[in-house]
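A.B. asks:
Residue numbers (the numbering used here), protein chains in the order written: chain C, 1 to 173; chain V, 174 to 548.
(1) With 9 Å as the C-beta to C-beta threshold (strictly closer), list the residues of the stretch 11-24 of chain C near chain V in chain order.
(2) How should residue 537 of chain V be labelled, buried or exposed, when 16 other C-beta atoms within 10 angstroms of its C-beta is the threshold for buried?
(3) Return the CA-CA distance between residue 476 of chain V and residue 494 of chain V, expressed in angstroms with no decimal places.
(4) With a Cβ-Cβ cutoff of 8 Å, do residue 197 of chain V and residue 211 of chain V count as a contact?
(5) Straight-line CA distance for residue 237 of chain V to residue 344 of chain V?
(6) Excluding the five sequence neighbours on either side, which residues of its own chain have a C-beta within less than 6 Å of the C-beta of residue 292 of chain V, listed in chain order?
(7) With 8 Å set as the bound, which would you pick, yes or no: does the beta-carbon of residue 282 of chain V sit closer than that to a beta-carbon of chain C?
(8) Counting pairs of beta carbons, one from the stretch 215-226 of chain V and one from the stretch 248-264 of chain V, are three or more of them closer than 8 Å?
(9) Strictly under 8 Å for the Cβ-Cβ distance: is residue 364 of chain V near chain C by that measure?
(10) Using a beta-carbon distance cut-off of less than 7 Å, what residues from the stretch 145-162 of chain C approach chain V?
(11) Among all the DSSP beta bridges, which residues are the ones paired with residue 509 of chain V?
(12) So with Cβ pairs under 8 Å, would you call residue 113 of chain C a contact of chain V?
(13) 8 Å is my cut-off, CB to CB: does residue 5 of chain C come that close to chain V?
(14) Out of V/242, V/346, V/356, which one is the CA nearest neighbour of residue 171 of chain V?
(15) Apart from the five residues just before and just after residue 87 of chain C, which ones in its own chain have a Cβ nearer than 6 Å to its Cβ?
(16) Kindly indicate if chain V contains any beta-carbon less than 8 Å away from that of residue 26 of chain C.
(17) If the cut-off is 8 Å on Cβ atoms, which residues from the stretch 515-537 of chain V count as contacting chain C, listed in chain order?
(18) Is residue 28 of chain C helix, strand or coil by DSSP?
(19) Beta carbon of residue 499 of chain V, beta carbon of residue 232 of chain V: below 8 Å?
(20) Going by DSSP in three states, residue 47 of chain C sits in which element: helix, strand or coil?
(21) Taking DSSP's pairing of strands, which residues face residue 157 of chain C in a bridge?
(22) Determine the direct distance from the alpha carbon of residue 340 of chain V to that of residue 334 of chain V, and round the result to whole angstroms.
(23) Which of the three DSSP states, helix, strand or coil, is assigned to residue 228 of chain V?
(24) Secondary structure at residue 328 of chain V, three-state DSSP: helix, strand or coil?
(25) Quick one: list the residues of chain V neighbouring residue 79 of chain C, beta-carbon separation under 7 Å, in chain order.
(26) Hey, quick one: how far does the alpha helix (DSSP H) through residue 532 of chain V stretch, first residue to last?
(27) Using a Cβ-Cβ cut-off of 8 Å (strictly less than) and excluding sequence neighbours within five positions of residue 332 of chain V, which residues of its own chain qualify?
(28) Going along chain C in order, which residues have a C-beta closer than 7 Å to the C-beta of residue 387 of chain V?
(29) Note the first and the last residue of the continuous alpha helix (DSSP H) segment covering residue 101 of chain C.
(30) Look up residue 174 of chain V in the DSSP assignment and say whether it is helix, strand or coil.
(31) Express the C-alpha separation of residue 533 of chain V and residue 8 of chain C in angstroms, rounding to a whole number.
(32) Can you confirm whether residue 85 of chain C, when its beta carbon is compared against all beta carbons of chain A, has any partner nearer than 8 Å?
(33) Excluding the 5 residues preceding and the 5 following residue 311 of chain V in the sequence, name in chain order all residues of the same chain whose CB lies nearer than 7 Å to its CB.
(34) Could you check where the alpha helix (DSSP H) with residue 500 of chain V kicks off and where it finishes?
(35) Answer yes or no: does any C-beta atom of chain V fall closer than 8 Å to that of residue 128 of chain C?
(36) When the Cα atoms are used, what is the spatial distance from residue 116 of chain C to residue 123 of chain C?
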């Protein structure tokens, strides 16, 4: 065994330990892929109950009846946690309340459940709406961090903001 | 006359980089995903999806770029009488390394060509990938300089060399006529593509020029370690690969700025994430593997086009790797690097170390098959 062999053997041992450590601690930075909408229900299937509630929520938002819309949407988010449409509406609701940070967090849930909202070629595309929320959230976070640079909650939300910016920028995967 | 010949040769290295840099950002301007005008690993995943080797409905498209690289190299090598069918240099090992090349690229979210496109697009986070690639190349060269060998390739019957170009020509016909059994994404990055003829034209030019100049990203960086500044000073007597890489980056940067695709920064960049450690290791895997199989993923496609059956086997491994990446969730994404991909990268580097250790003739220097282009 020469020097290169010895170094290789040490490197192998280190890699093995690292791989085992990851396996046993399950410390994937991103974890598994989020379950996307298509896997939850058969293609083309629309739940009648959900569809009806979505129509009602849209009506409430259009008529600016925000209190009732909030109540309905929070309930829907609990009852249908895998439906991106619900979180898109929740995001819209927060935008109407002029709360872009919560809107962005809701849009993040929606996009993780169904990437079509950011896909220009998909009928569900609502990228412009999401982009506006992210841009407005950016200014709110900036302002907040200027006033309180150690605010952990804002720093955490900023990570989501950067994630959303990456999602909007697109990817080959 | 001799001086004129030398200048002309140096000129080709610059043209090579220019065509790749301008071509890539033109393709992303006309439809390919952002900063992904050319990406061998992403496109391999698209091709694997189109052949139903995986079921990600957003990653299915027979990218004419992949076929164009091989066919461009094939046609020019025939024209220049450089087409030579060779093979027999540890094909199964190359197949395995081909798989890990794509896994490494997918963790970084891009092949070495895309690494430079990301940098030229203003994504300074990609510097981590460049550092990883360089580290991997350095490790690979340590093995090569200390007697690593996969066995010398021998001439094979001419028909063998025609297999890969024929397969690619067949796939190109399928891409054009789009039969039902070929899957095509209607959304996602698979649905984002430049016009067919534009993609094919750019790829044919890149394939042909790569064949002519022996362009290789990892090869160019490797020569920094081998020759240092002499690599550039001695061009064209040396390989001139670094000149091509410099030209590629410069023209890509100019084109990205002129076409409004330049966005300087580290946050919110296309095809990026914040898993910098894994991006480093992913590209280290690619650099290390590419040195062992004598060329980056693009170089493997080009070499396969000019009759190198060993490169053809590596390309097949890359195709299988692309399918595995999608089926087993082995690639990075905007959210980061999944655990499966982390394990795969570590296993890949470990496997290359074992391959390196088992295939060394201790006490010997650079094996004959690695000396081409170094003299």
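We treat Cβ as the ideally placed atom computed from N, Cα and C, and that holds for glycine.
C.D. replies: Quick look at the numbers:
(1) Hits within the stretch, in order: 11, 12, 15, 16, 18, 19, 22, 23.
(2) That one is exposed.
(3) So the alpha carbons of these two residues sit roughly 19 Å apart.
(4) In this structure, residue 211 of chain V lies closer than 8 Å to residue 197 of chain V by Cβ.
(5) Between residue 237 of chain V and residue 344 of chain V, the C-alpha separation is close to 8 Å.
(6) Answer for residue 292 of chain V: 299, listed in chain order.
(7) Put simply, the CB of residue 282 of chain V is near chain C, with a gap under 8 Å to one of its CB atoms.
(8) Taking a cut-off of 8 Å for Cβ pairs, the stretch 215-226 of chain V and the stretch 248-264 of chain V do not touch, as fewer than three such pairs fall below it.
(9) Yes, because at least one Cβ of chain C sits closer than 8 Å to the Cβ of residue 364 of chain V.
(10) Flagged, chain order: 162.
(11) By DSSP's assignment, residue 509 of chain V forms a beta bridge with V/506.
(12) Not a single C-beta of chain V is nearer than 8 Å to the C-beta of residue 113 of chain C.
(13) Closer than 8 Å to some Cβ of chain V, the Cβ of residue 5 of chain C qualifies, so yes.
(14) Missing from the structure shown is residue 171 of chain V; chain V here goes from 174 to 548 and no further.
(15) Around residue 87 of chain C: 106, 109, 110.
(16) It does: the Cβ of residue 26 of chain C has a partner Cβ on chain V nearer than 8 Å.
(17) From the stretch 515-537 of chain V, only 515, 516, 519, 520, 522, 523, 526, 527, 529, 530, 533, 535 have a Cβ closer than 8 Å to chain C.
(18) Reliability fails at residue 28 of chain C, whose pLDDT of 49 lies under 50, so the model's placement of it is uncertain and no value is given.
(19) Note that the C-beta distance between residue 499 of chain V and residue 232 of chain V is below 8 Å.
(20) Residue 47 of chain C: coil per DSSP, three-state reduction.
(21) In the DSSP output, where bridge partners are listed per residue, residue 157 of chain C has none listed.
(22) Residue 334 of chain V and residue 340 of chain V have their C-alpha atoms roughly 11 Å apart.
(23) If DSSP states are grouped into helix, strand and coil, residue 228 of chain V belongs with coil.
(24) Correct three-state label for residue 328 of chain V: strand.
(25) Within 7 Å Cβ-Cβ: nothing; residue 79 of chain C doesn't reach chain V, min ~26 Å.
(26) Membership of residue 532 of chain V in any alpha helix (DSSP H) is not indicated, and neither H nor E is assigned to it by DSSP.
(27) Cβ-Cβ distances below 8 Å link residue 332 of chain V to 258 in the same chain, with the five nearest sequence neighbours on each side left out; the list follows chain order.
(28) By Cβ distance, chain C contributes nothing, its closest Cβ being about 26 Å from residue 387 of chain V, past 7 Å.
(29) Here the alpha helix (DSSP H) through residue 101 of chain C covers 100-113.
(30) Bear in mind that the predicted position of residue 174 of chain V carries a pLDDT of just 47, short of 50, making it unreliable; the figure below should be weighed with that in mind. Reduced to three states, the DSSP call for residue 174 of chain V is coil.
(31) Straight-line spacing of the CA atoms in residue 8 of chain C and residue 533 of chain V works out to 12 Å.
(32) The structure shown contains no chain A; its protein chains are C and V.
(33) Within the same chain, and ignoring the five residues on either side of residue 311 of chain V in sequence, the residues whose Cβ sits closer than 7 Å to its Cβ are 398.
(34) From DSSP, the alpha helix (DSSP H) with residue 500 of chain V extends over 482-500.
(35) It does not; no Cβ of chain V falls within 8 Å.
(36) Straight-line spacing of the CA atoms in residue 116 of chain C and residue 123 of chain C works out to 8 Å.
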